[in-house]
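Trainee:
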Amino acid sequence: CRISDSGGYASEPGWGTHPVVEVTWAGAVAYCAHYGYVLPSEAQWEYAARGPEASVYPWGDIWDATKCCNIDNLGPDGSTFPVGSFPAGASWCGALDMAGNVWEWCADWWNGTYYATSPGLNPTGPATGEYRAVRSGSWDFHVYLCRSSCRSNGAPTGTRYDRGFRVAVDAP
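Remember, the numbering used here sits 62 above the position in the sequence shown when you count from 1.
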């Protein structure tokens with residue numbers, strides 16, 4: 063599935079259960095807004111993945127390839143797996159596919175040192191920046207990047223074959 067910056071989308075046959083990829087940050091935001099969702103902040107994403115125990119991976123502290131959603135180009139045809147293919151890898155709150163498959167856009171601007179001086183409770187990222195934060199690692203990267211604390215970034219106007227997004231709901 064491909065999503066434009068205006069929120070419209072086009073689905074390719076056979077890929078309806080796979081994560082959306084090749085989407086800009088604005089396209090992800092437009093999609094979320096259209097359906098009443100938001101992109102999670104980096105802090106929200108990490109808390110959903112690590113939980114109150116701050117585990118290394120969504121399922122715990124020990125690496126287990128049977129729980130990771132797809133890394134090191136192991137998926138079918140060198141691509142993504144369908145969403146929810148690894149239920150044993152669910153995080154403490156039941157979130158699926160938080161390690162591997164696709165990098166996921168977050169709401170925050172990127173700053174590599176932001177968390178060294180950020181507020182301790184639900185930081186929302188820097189006010190401005192050149193890049194947007196992404197989380198999760200992807201099917202085309204090494205296992206090391208699938209740790210729940212791993213951070214990376216992407217140009218908000220850019221798209222990638224291994225970058226998508228996860229929706230979140232604002233608390234009432």
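The C-beta atom is built at its ideal place from N, Cα and C for all residues, glycine as well.
If we count the other Cβ atoms within 10 Å of its Cβ and call it buried at 16 or more, is S211 buried or exposed?
Mentor: Residue numbering aside, residue 211 sits at position 149 when the sequence shown is read from its first letter. Burial call: exposed.
Trainee: Out of D224, A169, A195, point me to the one whose CA is closest to R213's CA.
Mentor: Taking the sequence shown and counting its residues from 1, one reaches residue 213 at position 151. The shortest Cα separation from R213 among D224, A169, A195 belongs to A195.
Trainee: Quick one: Cα of G191 to Cα of P181, how far?
Mentor: As a position in the sequence shown, residue 191 is number 129, starting the count at 1. As a position in the sequence shown, residue 181 is number 119, starting the count at 1. Looking at the two C-alpha atoms, the distance is approximately 18 Å.
Trainee: For a test of the three-state rule: what should DSSP assign to Y193, helix, strand or coil?
Mentor: Walking along the sequence shown from the start, residue 193 turns up at place 131. Three-state result, Y193: coil.
Trainee: Check each candidate in Y93, R222, Y109, A92 and name the one with the smallest Cα separation from A157.
Mentor: Along the sequence shown, one-based indexing puts residue 157 at 95. Here the closest residue by C-alpha is Y109.
Trainee: Please identify the residue among G220, P144, H96, W107 whose C-alpha is closest to the C-alpha of G78.
Mentor: Sequence index remark: in the sequence shown, residue 78 carries index 16 (1-based). Checked all of G220, P144, H96, W107; the closest Cα to G78 is P144.
Trainee: Anyone know if the C-beta pair for Q106 and A189 falls short of 9 Å?
Mentor: The residue you call residue 106 lines up with position 44 of the sequence shown. The residue you call residue 189 lines up with position 127 of the sequence shown. Not in contact: Q106 and A189 (Cβ atoms no closer than 9 Å).
Trainee: Whole angstroms are fine: how far does the CA of W121 sit from the CA of T128?
Mentor: Along the sequence shown, one-based indexing puts residue 128 at 66. Along the sequence shown, one-based indexing puts residue 121 at 59. Whole-angstrom Cα-Cα distance: 11 Å.
Trainee: Can you list the alpha helix (DSSP H) stretches of 4 or more residues lying completely in the region 117–161, in chain order?
Mentor: Fully enclosed alpha helix (DSSP H) runs of 4 or longer: not present.
Trainee: Is the separation between the beta-carbon of A169 and that of G151 shorter than 9 Å?
Mentor: As a working mapping, residue 169 is identified with position 107 in the sequence shown. As a working mapping, residue 151 is identified with position 89 in the sequence shown. No, the Cβ-Cβ distance between A169 and G151 is not below 9 Å.
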